[in-house]
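K.L.:
In our numbering, the protein residues as written are 5 to 117.
(1) What does a CB cutoff of less than 6 Å around residue 102 pick up in its chain, not counting 5 residues either side in sequence?
(2) My output table needs one value for residue 43: the three-state DSSP class, helix, strand or coil.
(3) Grouping DSSP H, G and I as helix and E and B as strand, with all else coil, what is residue 94?
(4) Any contact of the stretch 92-99 with the stretch 52-64, i.e. 3+ C-beta pairs under 8 Å?
(5) Along the chain, where does the alpha helix (DSSP H) that runs through residue 54 open and close?
(6) Can residue 65 and residue 57 be called in contact, C-beta distance under 8 Å?
(7) Pick helix, strand or coil for residue 73, following the three-state DSSP scheme.
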C-alpha cells in the first residue's frame, strides 16, 4: 500500500510539474490557434455554441501570449456567465463590453490591416 501511495504521489508531482512547464505561445502562435477555433463551425451561438467556444479556447488561454491573454479571459468570462441556467443579467451586461473589446483586440493582433 505504501508503494502505491508513493507511486501515485510521484505521478501527481510529475504531472503538476509538467503543467507548470507549459511553453508560452507567441502572439502569432496564439492567433493561429484562435483562428482554428473560430473557423470551426460551432452551430448557433446559443448556449451550446458558447460552451463549445469556451471549451476550445480554455486550453489556448492557459498558454496564450501576454497580448491576447486578457482578451481570451474576457471571452471565457462572458461565455461562462452566458451559459449558466440563470445568468445574472447585470453581470452579463458588464461582461459584454469586455467581450466586445476582446474581439477588437483579436482583430488588432490577429487580423492586422
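We put the beta carbon where it would ideally sit given N, CA and C, even for glycine.
P.N.:
Judging by the given coordinates:
(1) 78
(2) helix
(3) Helix, per DSSP.
(4) no
(5) 51-67
(6) no
(7) helix
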